[in-house]
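J.: The sequence shown begins at -1 in our numbering and counts up by one. Just passing along the structure, written as structure tokens.
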Amino acid sequence: MTSSRKLIALVAAFGMLALTTAAVHDVRNDNAAKKPTITVYKDPSCGCCKNWIAYLTKHGYQVDAKDVSDIQGIKQTMGIPSELASCHTAVVNGYLIEGHVSAEDIDRLLAQKPKIAGLAVPGMPMSSPGMDGPRTKPYQVLAFDKKGKTTVFATH
Ligand SMILES: [Cu+2]
-1 MTSSRKLIAL
9 VAAFGMLALT
19 TAAVHDVRND
29 NAAKKPTITV
39 YKDPSCGCCK
49 NWIAYLTKHG
59 YQVDAKDVSD
69 IQGIKQTMGI
79 PSELASCHTA
89 VVNGYLIEGH
99 VSAEDIDRLL
109 AQKPKIAGLA
119 VPGMPMSSPG
129 MDGPRTKPYQ
139 VLAFDKKGKT
149 TVFATH
């Protein structure tokens, strides 16, 4: 090989490396793009809300946390039925997420896109994500529509 051919081979090798790196990078971006941002409204003093946010982040969601002084007012404005209320109220892709809903349930909601207003885990059941503790009894994830009609979406 002449030195100029060596140089061409070297440049070509670097080019391939750059392309490969770019391809790997794209795949990573695609995976990250699959999980949308969840906007979470919460009281600044809420500890289990922070735990739920950390849990969502661990499961690949981008979280935009908003501390609000009047979380009950936010729930009313958003149309969370009062009997379904929990601590935090979140919004993802136009769906309401009330309380300690699991990432797997949110994943399924976003994949199936049912005609509902959102999902709720009323209250703060022990063992739901962000509410660490033993599961002493099962709890339900409820789907609710704009009129407040509920159906069971999942039981854990
Ligand atoms: Cu909570």
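By construction, the Cβ of each residue, glycine as well, lies at the ideal position given by its N, Cα and C atoms.
Are the beta-carbon atoms of V139 and D103 separated by less than 8 Å?
T.: Cβ distance < 8 Å, so V139 and D103 count as in contact.
J.: Can H154 be considered in contact with ligand 2, in the sense that its beta carbon sits closer than 7 Å to one or more heavy atoms?
T.: Annotation note on ligand 2: not contained in the displayed structure, which lists ligand 1 as its ligands.
J.: Taking DSSP's pairing of strands, which residues face Q138 in a bridge?
T.: Its beta-bridge partners are T153.
J.: Specify which residues have a beta carbon nearer than 7 Å to any heavy atom of ligand 1, listing them in chain order.
T.: Those satisfying the condition are, in chain order, C44, C46, C47, W50, S84, C85, H86, G97, H98, M122, G128 and M129.
J.: DSSP three-state call for G77: helix, strand or coil?
T.: Note: G77 maps to coil in three-state DSSP.
J.: Tell me the DSSP secondary structure of D65 in three-state form.
T.: The answer is strand: DSSP assigns D65 an E or B state.
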